[in-house]
Amino acid sequence: MKTMKIQLAFSSFIFLLFSPFFAAFSSAQDFDFFYFVQQWPGSYCDTRKSCCYPTTGKPEADFGIHGLWPNYKSGAYPSNCDPDSPYQSSTINDLIESLQREWPTLSCPSSDGNPFWEHEWEKHGTCSESVLDQHAYFKATLDLKNKINLLQILNDAGIKPDGGYYSVSSIKDAINKATGFTPWIECNVDEARNRQLYQVYMCVDTSATNLIECPVFPRGKCSDQIEFPPF
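Mature numbering (1 follows the signal peptide of the UniProt record, and there is no 0) puts the sequence shown at residues -28 to -1, 1 to 203.
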């Protein structure tokens, strides 16, 4: 009996010791959907913190990719799932030109984009490795950007980056009408504390291919009327 108790105690110790490893491994394999997030550069730059253009030059006046983020239906999300899978720019050499155009960095100090892409892969991309390796992750994200032309969708609805104010409901309706799915709108504030159109979230299935209705939306809210600043 004493031997059995010792074995049970040892088994419990081993489980507690390695449970963080198993949890991390599980999170790398298990998620419910992706958030595909596009960002308006005019709103990123029109803040007290301002922005820095990439070393490759000022990006086009278009929505840029922020990321493709695995998420759970609970609203939680996995992150930094595989420290043994570091970002390697050599694996995406054929995508660099497209990434510089569609996924530019605006953070300071200026860079060529690699620090931004490294962060996105290691924080978010490693949590989708069960379905997407590094090249496939970036390629799938670029394909989604080509599929969802937000600026054209909004322009067609008379919603333009002219410094004017538009209702959040009209922005959502325009995107829903064009894509068939409901977006989530994130706002930030300019130097005068006016709320402005900052990011648009769309939900994507676990193959990173098809849009779906969002199982859950992020927290946060905008004013009824928000600014769409120029860039």
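Glycine included, each C-beta is placed from N, C-alpha and C at the ideal position.
Closest option to E163, judged by alpha-carbon separation, among P133, S15, S83: S15. In chain order, W156 place their CB closer than 6 Å to the CB of F189, counting only its own chain and leaving out the 5 sequence neighbours on each side.
According to the DSSP assignment, N160 belongs to no alpha helix (DSSP H) but to the beta strand (DSSP E) extending over 156 to 161. Counting along the chain, N182 sits inside no alpha helix (DSSP H), nor does DSSP assign it H or E at all.
For F88, the enclosing alpha helix (DSSP H) covers residues 86 to 95. Within its own chain, the residues whose Cβ lies closer than 7 Å to the Cβ of A150, once the five positions on either side in sequence are excluded, are I125, listed in chain order.
Looking only at L67, K117, S51, the smallest Cα-Cα distance to E94 is reached by S51.
For Q60, there is no enclosing beta strand (DSSP E), as DSSP gives it neither H nor E. Residues of the same chain with a CB within less than 7 Å of the CB of S57, apart from the 5 flanking positions on each side, are T98, E101 in chain order.
Sorting S179, P201, V140, D177 by C-alpha distance to the C-alpha of C194 places V140 at the top.
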